[in-house]
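*Asks:* Heads up: the sequence shown runs through residues 989 to 1342, numbered per our numbering.
Note that CB positions come from ideal geometry on N, CA and C, so glycine has one too.
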Amino acid sequence: MKFLDQCKIYIRSGNGGGGSVSFRREKYIEYGGPDGGDGGRGGDVWIEAVEGLNTLIDYRYQQHFKAGTGVHGMGRARHGAAGEDVLLKVPVGTEVLEEDKETLIADLDHAGARLLLAKGGNGGWGNLHFKGPVNQAPKYANPGQEGEERWIWLRLKLIADVGLVGLPNAGKSTFLAAASAAKPKIADYPFTTLTPNLGVVDLSSSERFVLADIPGLIEGASEGAGLGTRFLGHVERSATLIHLIDATQDDVAGAYETIRGELEAYGDELADKAEILALNKIDALDEETLAEKIAELEAVSGIKPRLVSGVSGQGVTELLRAAYRQVRIRRGDLEDEIDEDEDHVDETPGGWTP
989 MKFLDQCKIY IRSGNGGGGS VSFRREKYIE YGGPDGGDGG RGGDVWIEAV
1039 EGLNTLIDYR YQQHFKAGTG VHGMGRARHG AAGEDVLLKV PVGTEVLEED
1089 KETLIADLDH AGARLLLAKG GNGGWGNLHF KGPVNQAPKY ANPGQEGEER
1139 WIWLRLKLIA DVGLVGLPNA GKSTFLAAAS AAKPKIADYP FTTLTPNLGV
1189 VDLSSSERFV LADIPGLIEG ASEGAGLGTR FLGHVERSAT LIHLIDATQD
1239 DVAGAYETIR GELEAYGDEL ADKAEILALN KIDALDEETL AEKIAELEAV
1289 SGIKPRLVSG VSGQGVTELL RAAYRQVRIR RGDLEDEIDE DEDHVDETPG
1339 GWTP
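1) So the beta strand (DSSP E) residue 998 belongs to, where does it begin and stop?
2) Below 8 Å between beta carbons: does that hold for residue 1201 and residue 1152?
3) Measure the alpha-carbon distance for residue 1141 versus residue 1085 and round it to whole angstroms.
4) Just verifying my parser: in three-state terms, what is the DSSP assignment at residue 1280?
5) If you measure between the beta carbons of residue 1135 and residue 1303, is that distance less than 8 Å?
6) Per DSSP, residue 1295 forms a beta bridge with which residues?
7) Which stretch, first to last residue, makes up the beta strand (DSSP E) that contains residue 1192?
8) Could you give the residue range of the beta strand (DSSP E) that holds residue 1048?
9) Between residue 1103 and the rest of its own chain, which residues show a CB-CB distance below 6 Å, the 5 nearest in sequence each way excluded?
10) On the premise that residue 1289 lies in contact with residue 1267, defined as a C-beta separation below 8 Å, what is that separation, rounded to the nearest angstrom?
11) Can you check which of these residues, 994, 1066, 1160 and 1318, is closest to residue 1028 by C-alpha distance?
12) Have a look at the DSSP bridge pairing and note the partners of residue 1231.
13) Go ahead and pull the three-state DSSP assignment for residue 991.
14) Less than 8 Å between the C-beta atoms of residue 1033 and residue 1074, yes or no?
15) Could you pull the start and end residues of the alpha helix (DSSP H) that residue 1308 belongs to?
16) When you compare only the Cα positions, how much space is there between residue 1126 and residue 1014?
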């Protein structure tokens, strides 16, 4: 299935049905009088977040959605039926934006969240409504009210507890595959990951969180270079970011500064999120070279990086534990009392293997 995280659609609610001009004419009834019924109301356009969807691909091939028109009123005081509503089903985490793509209408951040986007027009009154002692035979009725129409943008921000960021080939997809049951595409060339991948990490029967692998950033991504920063919106809701650095590259300090610069350029407080720095692919280095990389990265970041290997699994458990601790703090289940530099690991009863 193609991943689509933003689209522009046109919506229109239904017009109300017109009122009827009718008079009762029956044999042996001396005073018939007006009996025109009211028109039915136009259909509404609703949007609802539902579980089981993770892309907006349904709106790739259909961009126009129009609710039904109300049925006109009829004689014998018969009212018209209401027009059929339109319900747009979107994934949880979808934002609804105005046509300018900046003004937020609604954020559907939980399953069942529902919003009325366009209200249908009211039905017109039939001539039965207008009869009175002065005008006992009105020959006019109200037309139905016009519906509303607008263009809107839908933007999906995946619900992930932890986000993986780093340069291309930093080993993010390999780490995701080692930490969860996800099976992302893995290859030894830049931009293997073209769309975000989600994986569910099960630390124990009661400890679970969602990990998102975001396509690699490069220098100038905030200006549109490479894949740009478009997919960073999928980690805006996360509790923490895992910043993976490829230990086998020559300039680990430059790699760190590049990603930090792009996060700060993106804005939306993404650069202020709790960050866990990790040096990946340590299984490919000897101890002396690894020590040099650690010192170089610690000098530029001010914190000691964690050492992991997505291939061998070394350090993965400890890193996931640190990330889950940030998730618990975000949820309010745990107070942030332990110093960040302290190597704290919560043990899982029975152990855990990614």
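*Replies:* According to the structure data:
1) The sequence position of residue 998 within the sequence shown is 10, counting from 1. Per DSSP, residue 998 is one residue of the beta strand (DSSP E) stretching across 994-1000.
2) Working through the sequence shown from its first residue, we reach residue 1201 at position 213. Working through the sequence shown from its first residue, we reach residue 1152 at position 164. Pairing residue 1201 with residue 1152 gives a Cβ-Cβ distance under 8 Å.
3) Stepping through the sequence shown from its first residue, residue 1141 is reached at position 153. Stepping through the sequence shown from its first residue, residue 1085 is reached at position 97. Rounded to the nearest whole angstrom, the CA to CA distance from residue 1141 to residue 1085 is 5 Å.
4) Position 292 of the sequence shown, counted from the first residue, corresponds to residue 1280. Of the three classes helix, strand and coil, the one that applies to residue 1280 here is helix, per DSSP.
5) Taking the first residue of the sequence shown as position 1, residue 1135 is located at position 147. Taking the first residue of the sequence shown as position 1, residue 1303 is located at position 315. Result no, Cβ atoms of residue 1135 and residue 1303 do not sit closer than 8 Å.
6) Position 307 of the sequence shown, counted from the first residue, corresponds to residue 1295. Residue 1295 has 1267 as its beta-bridge partners, per DSSP.
7) On the sequence shown, position 204 is the one that residue 1192 refers to. Looking at the DSSP string, the run of the beta strand (DSSP E) that includes residue 1192 is 1185-1192.
8) Mapped onto the sequence shown, residue 1048 falls at position 60. In the DSSP annotation of this structure, residue 1048 is not part of any beta strand (DSSP E), being labelled neither H nor E.
9) On the sequence shown, position 115 is the one that residue 1103 refers to. So the qualifying residues of the chain are 1035 and 1094.
10) As a working note, residue 1267 is residue 279 in the sequence shown. As a working note, residue 1289 is residue 301 in the sequence shown. Contact between residue 1267 and residue 1289 does not hold, since their C-beta atoms are separated by about 11 Å, which reaches or exceeds 8 Å.
11) Position 40 of the sequence shown holds residue 1028. Looking at the Cα atoms, 1066 is the closest of the given residues.
12) Taking the sequence shown and counting its residues from 1, the one referred to as residue 1231 is at position 243. DSSP lists 1153 and 1265 as partners of residue 1231.
13) Mapped onto the sequence shown, residue 991 falls at position 3. DSSP places residue 991 in coil when its eight states are reduced to three.
14) Taking the sequence shown and counting its residues from 1, one reaches residue 1033 at position 45. Taking the sequence shown and counting its residues from 1, one reaches residue 1074 at position 86. Cβ atoms of residue 1033 and residue 1074: closer than 8 Å.
15) Residue 1308 sits at position 320 when you count from the first residue of the sequence shown. Run containing residue 1308: 1304-1319, per the alpha helix (DSSP H) assignment.
16) Counting from one through the sequence shown, the residue named residue 1126 turns up at place 138. Counting from one through the sequence shown, the residue named residue 1014 turns up at place 26. Taking the Cα positions, residue 1126 is about 18 Å away from residue 1014.
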